[in-house]
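Following: one structure in structure tokens, then a few remarks.
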Amino acid sequence: MSLLHAELRLILRSRLAAASLALLMALSALSVVSGLSAVSRQEATIARATAEQARDLAAVAKAYGKPDGEAGYAAYYSFLLTHDRPSPLAFLALGQRDVQPTVLRVRALSLQQQLYESETLNAEQALPGVFDFAFVAIYLAPLVVIALTHDLVTSEREAGRLRLLLSMPGTGLWRRRIGLRYLLVALSLLIPAGVALVATSAPAHLGLGILTVPAVYLAFWFGLSLLVASRVRASATAAAASVGYWIALTLLIPTLANAAITRAVPVSKGIDLTLAQREIVHHGWDIPKAATFDRFLATHPEWRGHETFEGRFHWKWLFAMHQVGDEAVAPQVAAYRASLLSRERWTARLGWLLPNVAAQGILHRLADTNLVAQLDYQDSIGAFHKELRAFFYPYLFFDRPFTRADFDWLPSYSARTGTASWPAIPMLMLLVVTGLILAAGAAQMRRTGRDASR
Amino acid sequence: MNGPVIRIAAEEWRSLARNRAGLIATLLLVALIVVSAVVSFERRAGIEAERARYQASADTGFDNQPARHPHRMVHYGQFVFRPLSPLAFVDFGVDSFTGNTIFLEGHRQNSANFAEARQSSLLLRFGQLTPAFVLQTLAPLLLIFLAFTSVAREREAGTLRLMLAQGVSGSQLLAGKLLGHGGIALAIGTPAFLLFAWLAARAVAPTDAVALLGIGYAAWLLLWAMLAVLISALVTRSRDALVALVAIWMVGVILLPRVLPEVAATRTVLPSKIETDIALHRDLKQIGDAHNPDDPYFAHFKARALARYGVSRVEDMPVQYAGLVGMEGERLTTGLYARSAKAMAAREAEQNGFVRAFGTISPLIAVRQLSMALTGTGLAAHQDFLNQSEAFRYRFVQALNWMQAEKIPSVNAGEDPRVSADNWKTIPRFRYRPFVPPSALIWPNLLVLGGWLAGLLLLSLPIARRLGRAAR
Chain F
1 MSLLHAELRL ILRSRLAAAS LALLMALSAL SVVSGLSAVS RQEATIARAT
51 AEQARDLAAV AKAYGKPDGE AGYAAYYSFL LTHDRPSPLA FLALGQRDVQ
101 PTVLRVRALS LQQQLYESET LNAEQALPGV FDFAFVAIYL APLVVIALTH
151 DLVTSEREAG RLRLLLSMPG TGLWRRRIGL RYLLVALSLL IPAGVALVAT
201 SAPAHLGLGI LTVPAVYLAF WFGLSLLVAS RVRASATAAA ASVGYWIALT
251 LLIPTLANAA ITRAVPVSKG IDLTLAQREI VHHGWDIPKA ATFDRFLATH
301 PEWRGHETFE GRFHWKWLFA MHQVGDEAVA PQVAAYRASL LSRERWTARL
351 GWLLPNVAAQ GILHRLADTN LVAQLDYQDS IGAFHKELRA FFYPYLFFDR
401 PFTRADFDWL PSYSARTGTA SWPAIPMLML LVVTGLILAA GAAQMRRTGR
451 DASR
Chain Y
1 MNGPVIRIAA EEWRSLARNR AGLIATLLLV ALIVVSAVVS FERRAGIEAE
51 RARYQASADT GFDNQPARHP HRMVHYGQFV FRPLSPLAFV DFGVDSFTGN
101 TIFLEGHRQN SANFAEARQS SLLLRFGQLT PAFVLQTLAP LLLIFLAFTS
151 VAREREAGTL RLMLAQGVSG SQLLAGKLLG HGGIALAIGT PAFLLFAWLA
201 ARAVAPTDAV ALLGIGYAAW LLLWAMLAVL ISALVTRSRD ALVALVAIWM
251 VGVILLPRVL PEVAATRTVL PSKIETDIAL HRDLKQIGDA HNPDDPYFAH
301 FKARALARYG VSRVEDMPVQ YAGLVGMEGE RLTTGLYARS AKAMAAREAE
351 QNGFVRAFGT ISPLIAVRQL SMALTGTGLA AHQDFLNQSE AFRYRFVQAL
401 NWMQAEKIPS VNAGEDPRVS ADNWKTIPRF RYRPFVPPSA LIWPNLLVLG
451 GWLAGLLLLS LPIARRLGRA AR
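Next up, the structure:
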């Protein structure tokens, strides 16, 4: 114990080491605060939109909720709110939430025309990316690891102590030194996040994951740093080489990979589907109404016999036409989603090799803030929209009046349960890569030890 | 320039050529600039071709619509795709974060959709491989690694004392080091500068924009070389210089640009689209209801219309009254949309102004602004596109409304009045006017970069004096 104590004093006496540990802890705390602030802004947006929306719907109910009110008007003018509340862990890994909508309102008209509305976003401020715990853990913490380990061997060599240290009896000196440094970095990084997790009473199994992943990721950097530190002869070279790896892993390779993936998987299919949808809906106005109803009744036979009407226009025809439009672009919707998921899959595969991409991916998955979460939200809107259509159809097809009281029966959106999960394969690969690099680092240290003591 | 200065500078170049790691890193960075330029050039061409193809097919689609009531065409609407500027391959700017296609229709203002950032995996958030990314983010790090030992090494090895004893003055020594590393910085930027010159020569981009871009990036690179040399001269050990410089890079290039937006977003809240839409809808209702015969606003409008045509009944008008009402309604709603868009832009400007004010501390913000302004990929260019498309929307919707007023009979129009399909070809088509950056987006940023260079030069005077005293 006293040996550890002595070693601890040795580390903290170094101004650079103490300062970088303090800085890491401060940045980690700052990122937690920044994440909490971002999440509370999103909560506030949901609260404001909910209040506004309730007022708006009340006005619609007042205007169209007559004793003989027509359901078509009610369906056409009633927008209903959906929202995507940040998950309990979102504040640690904001993922794509800064560019995704947190609220979206829909009405019973075509869903595909409403689903891709973009939220107001200050693009200039979204450009650099968010400052959250995931960012500090993935980008900044490795630099502290490098600062603390790059001269572990070389400084002893430069001071002429290496031979002496290696000839001392008893093993475990290096294990103690490295282990202690690892512990210090991990604690500086994880304590603020841990405290926040307890304070926000986040689910324990996910919270544990969001602390474990950075801990494993830090171990990877210790392995890499040891590998470099024990191979080179000068501290400056070790620092330069480690920072070189950091640049390559966190800045260069992901950027190159993104360029490659963007090229390999184009997603203009979103535009294709919008254009196709518009053609179908507008074409619907030019063809006989019976043609539209034929297609509609093929998928909704329960309304057969109720489709006829007199005159030029009936709301049920308009809504049937919109539904047919949605159904007609189903292949384009599937293609669009497939291309989005394909990008996500390729990124996950890249994570098998790159621990930083893997760690970030896992953090976003645990926090339920990535593209998968976005698609899950869209699915929940789709399910709600289906409910909304089913709600209005009996009124429209049976020509039932839609009164003030009927507005109270409108379905309301129930939030998605979330898709937060522990992704097994990326986690396993992260462990494997970390294990390999740690083993390589340890082997190199032993070899250096043998060479030096010869 | 005198002998010793040149000799010291030349010595730095020789030592770079001898330093294998330094040379390899430099060559890698230069290769990266070239590769990123080629990759982005191709990517820009691909995006541009795709958008042009979509624009053409959307326009043909409009022309090929069958005979219809003009108001149906108002809602069939037009799709507009934002063209990328010729220089966008240097710096993609906010393009991935703003949507690039807008659906324009009557009495609705739709948002720009399908932003790349919403459709990409997390990799996009690591950055995009463009010359701007390499020059702004990676080049400073390389310059730091090449220059952090420049003066400290002489001090550590004792050659500093020797040189001073041989009659080299502190300022000559520092000037030589600055010249040497300034030269290296410009050499690193050379492939980019050659690219800019080639663009200007081929008239792909305006010469002045390209020249200012070159000056801006040259100043940015020089700034880091100077900073590295001066810090190296200030500290006693080169190791400390490295730590200090990497910390400065970290804070200035990586940290501040990410922290400040969160502060700005908390200071100025952007209302969500739903809130904006509902507020607009409320304002619209206050103007008046054209379908209500007792509505005061439209009763007055009707009286004026009747007086203009010198008739007493709308049926006697030479044009269709409903068409006129449509035009008036569009005029009113467009005014409201413009007011609302302006309010939103003002809020964004407030956020951006807050962050940009820190450009003096973090010159990255200044060089990024400059780069995006000159390559036409910044927020201002996007807003210019939104304004152009909104102005266009108004013109084509009003053209269709006027078609309704003129061509649909005001009495006995029949059950399903339509106008013939060849009318659609007379409706205006969107023509994008390239964005010209206002000087307010250029000169303040150049001034900040120039100010940093001047400040560092001023700072070098006392540092040189201190170096000179090291001999004593």
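Protein chains in written order, with full-length UniProt numbering: chain F, 1 to 454; chain Y, 1 to 472.
Don't be surprised by glycine CBs; every beta carbon is placed ideally from N, CA and C.
Distance between beta carbons of residue j and residue i, contact taken as under 8 Å
| i | j | result |
| --- | --- | --- |
| residue 378 of chain F | residue 115 of chain F | 6 Å |
| residue 456 of chain Y | residue 230 of chain Y | 6 Å |
| residue 340 of chain Y | residue 386 of chain Y | Between residue 386 of chain Y and residue 340 of chain Y the Cβ distance is about 12 Å, and since that is not below 8 Å, they are no contact. |
| residue 145 of chain Y | residue 238 of chain Y | Not really, about 11 Å apart at Cβ, beyond 8 Å. |
| residue 273 of chain Y | residue 120 of chain F | 5 Å |
| residue 47 of chain F | residue 369 of chain F | At roughly 20 Å, the Cβ-Cβ gap does not stay under 8 Å, so residue 47 of chain F and residue 369 of chain F are not in contact. |
| residue 95 of chain Y | residue 130 of chain Y | Residue 95 of chain Y to residue 130 of chain Y, Cβ: 10 Å. No contact. |
| residue 97 of chain Y | residue 117 of chain Y | 5 Å |
| residue 178 of chain F | residue 138 of chain Y | Wrong, their Cβ atoms sit about 30 Å apart, outside the cutoff. |
| residue 210 of chain F | residue 363 of chain F | 6 Å |
| residue 132 of chain F | residue 35 of chain F | 4 Å |
| residue 220 of chain F | residue 357 of chain F | 12 Å between Cβ atoms; not a contact. |
| residue 352 of chain F | residue 429 of chain F | 4 Å |
Those residues which DSSP pairs with residue i across a bridge
| i | result |
| --- | --- |
| residue 104 of chain F | F/82 |
| residue 7 of chain Y | Note: residue 7 of chain Y sits in no beta bridge, so no partner. |
| residue 112 of chain Y | Y/102 |
| residue 419 of chain Y | Y/68 |
N- and C-terminal bounds of the beta strand (DSSP E) containing residue i
| i | result |
| --- | --- |
| residue 101 of chain Y | 101 to 104 |
Chain-order list of residues whose beta-carbon lies under 8 Å from that of residue i (same chain, five-residue window excluded)
| i | result |
| --- | --- |
| residue 243 of chain F | 143 and 146 |
| residue 235 of chain Y | 152, 241 and 244 |
| residue 442 of chain Y | 212, 370, 373 and 374 |
| residue 191 of chain Y | 30, 33, 34 and 37 |
Host alpha helix (DSSP H) of residue i (start-end)
| i | result |
| --- | --- |
| residue 161 of chain F | Note, residue 161 of chain F: premise wrong, no alpha helix (DSSP H); not H, not E. |
| residue 33 of chain F | 15 to 64 |
| residue 374 of chain Y | 363 to 375 |
| residue 401 of chain Y | 379 to 407 |
| residue 306 of chain F | It is not in any alpha helix (DSSP H) - residue 306 of chain F carries neither H nor E in the DSSP assignment. |
| residue 138 of chain F | Neither: residue 138 of chain F is in no alpha helix (DSSP H) and is coded neither H nor E. |
| residue 314 of chain Y | Run containing residue 314 of chain Y: none; DSSP gives neither H nor E here. |
| residue 123 of chain Y | Note, residue 123 of chain Y: premise wrong, no alpha helix (DSSP H); not H, not E. |
| residue 432 of chain Y | It is not in any alpha helix (DSSP H) - residue 432 of chain Y carries neither H nor E in the DSSP assignment. |
| residue 145 of chain Y | 139 to 147 |
| residue 116 of chain F | Per DSSP, residue 116 of chain F belongs to no alpha helix (DSSP H) and is neither H nor E. |
| residue 296 of chain F | 289 to 299 |
| residue 163 of chain Y | 159 to 165 |
| residue 96 of chain F | Careful: residue 96 of chain F lies outside any alpha helix (DSSP H) and carries neither H nor E. |
| residue 327 of chain Y | 321 to 356 |
6 Å Cβ shell around residue i - same chain, five flanking residues per side excluded
| i | result |
| --- | --- |
| residue 441 of chain F | 223, 226 and 227 |
| residue 325 of chain F | 110, 277, 280 and 281 |
| residue 439 of chain F | none |
| residue 171 of chain Y | 464 |
| residue 432 of chain Y | 83 |
| residue 12 of chain F | 18 |
| residue 389 of chain F | 108 |
| residue 86 of chain F | 39 and 42 |
| residue 384 of chain Y | 435 |
Own chain, CB closer than 7 Å to residue i, minus 5 neighbours either side, in chain order
| i | result |
| --- | --- |
| residue 141 of chain Y | 249 |
| residue 214 of chain Y | 193 and 196 |
Residue i CB to nearest heavy atom of the ligand SAM below 6 Å
| i | result |
| --- | --- |
| residue 393 of chain F | Summarising the ligand content, the structure contains no ligands, and the ligand SAM is consequently not present. |
Curious, which full-length beta strand (DSSP E) runs of at least 3 residues does the stretch 12 to 99 of chain Y contain? Listed in chain order, they are 78 to 81.
Return the chain-ordered ranges of every alpha helix (DSSP H) run that is complete within the stretch 191 to 217 of chain F and spans a minimum of 4 residues. The alpha helix (DSSP H) runs lying completely inside the stretch 191 to 217 of chain F and spanning 4 residues or more number zero.
Mind pulling the alpha helix (DSSP H) runs of 4 or more residues that sit fully within the stretch 327 to 415 of chain F? Fully enclosed alpha helix (DSSP H) runs of 4 or longer: 330 to 353, 355 to 366 and 371 to 397.
Contiguous beta strand (DSSP E) assignments of at least 3 residues, all confined to the stretch 167 to 248 of chain Y: DSSP runs (the beta strand (DSSP E)) wholly in the stretch 167 to 248 of chain Y: none.
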